[in-house]
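Quick note on this note's numbering: the sequence shown kicks off at 1 and runs consecutively. Right, one structure below, let's go through it.
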Amino acid sequence: MKEEILERRVIFDGEVIKVYVDKVKLPDGKEGKREIVERIDGVSILPIIDNNKVLLIKQYRYAQGKVVWRLPGGGINGPIGNPTEESKDTAQRELFEETGYKARKLELLFISGGSGTIKQKVYHYLATELYKPNNARKLDKEEFLSIHPTPLADALKMAKRAEFLNPAFSLMIIIAEERLRNR
Numbered sequence: 001m002k003e004e005i006l007e008r009r010v011i012f013d014g015e016v017i018k019v020y021v022d023k024v025k026l027p028d029g030k031e032g033k034r035e036i037v038e039r040i041d042g043v044s045i046l047p048i049i050d051n052n053k054v055l056l057i058k059q060y061r062y063a064q065g066k067v068v069w070r071l072p073g074g075g076i077n078g079p080i081g082n083p084t085e086e087s088k089d090t091a092q093r094e095l096f097e098e099t100g101y102k103a104r105k106l107e108l109l110f111i112s113g114g115s116g117t118i119k120q121k122v123y124h125y126l127a128t129e130l131y132k133p134n135n136a137r138k139l140d141k142e143e144f145l146s147i148h149p150t151p152l153a154d155a156l157k158m159a160k161r162a163e164f165l166n167p168a169f170s171l172m173i174i175i176a177e178e179r180l181r182n183r
């Protein structure tokens with residue numbers, strides 16, 4: 001069932017995405033075309049502070065043209081398809097940059113992939129035992145966001161009402177709530 005790449009044509013090669021069209025040999029021997037967007041790999045973090053609150057973020061997302069609820073996260077350093085940073089290190093870095101906290105415990109909840117046309121891995125972490133280091137957080141120069149400590153029960157209701165643009169955030173909250181409840 002595997003398809004063989006016969007030819008690749010790169011349409012766009014940016015810092016965050018690469019777009020290409022592959023001519024492929026199909027399992028039946030015929031030729032087909034595959035349009036692919038390859039993104040840098042990333043992380044998302046579900047941070048739980050001591051009073052069982054989730055640090056949710058509200059941020060304007062240009063591609064959607066509106067303010068959305070989200071969790072901390074970002075891209076793994078390195079060129080597309082060749083990360084130079086471990087996902088756990090990225091999770092700590094992004095958590096600190098966006099919230100000012102670091103985690104003593106980072107637990108991988110799951111890894112999601114792209115889709116039929118998007119090639120990417122995203123590592124989803126639960127962050128507990130949070131603490132604030134002495135140095136101040138430093139947002140990326142083009143990043144503006146607000147942090148909203150939200151009771152986990154309320155975040156779970158938001159997840160079940162599909163209030164997060166990214167469905168992986170809802171899944172993270174549902175999985176984490178069950179794990180934390182069963183500890």
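Positions of the beta carbon are idealized from the N, C-alpha and C atoms, including for glycine.
- Remark: C-beta atoms of residue 85 and residue 78 approach each other more closely than 8 angstroms.
- Of the candidates 69, 13, 26 and 37, the residue whose Cα lies closest to the Cα of residue 167 is 69.
- Taking 8 angstroms as the cut-off, the Cβ atoms of residue 29 and residue 76 do not count as close.
- For residue 92, there is no enclosing beta strand (DSSP E); the residue is part of the alpha helix (DSSP H) that begins and ends at 87-99.
- The shortest C-alpha to C-alpha distance from residue 19 to any of 123, 25 and 36 is the one to 36.
- Three or more pairs of CB atoms, one per stretch, sit closer than 8 angstroms, so the region 40-54 contacts the region 124-134.
- For the options 145, 95, 16 and 21, the alpha carbon positioned closest to that of residue 61 is the one of 145.
- Residue environment analysis places residue 40 among the buried positions, since at least 16 neighbouring C-beta atoms fall within 10 angstroms of its C-beta.
- With respect to residue 99, residue 55 sits close: the two C-beta atoms are nearer than 8 angstroms.
- Taking C-beta atoms under 8 angstroms as the contact rule, residue 23 and residue 6 qualify, at a distance of about 5 angstroms.
- If you draw a straight line from the Cα of residue 81 to the Cα of residue 73, it is about 18 angstroms long.
- Following the DSSP letters along the chain, one finds residue 110 inside the beta strand (DSSP E) bounded by residues 102-113.
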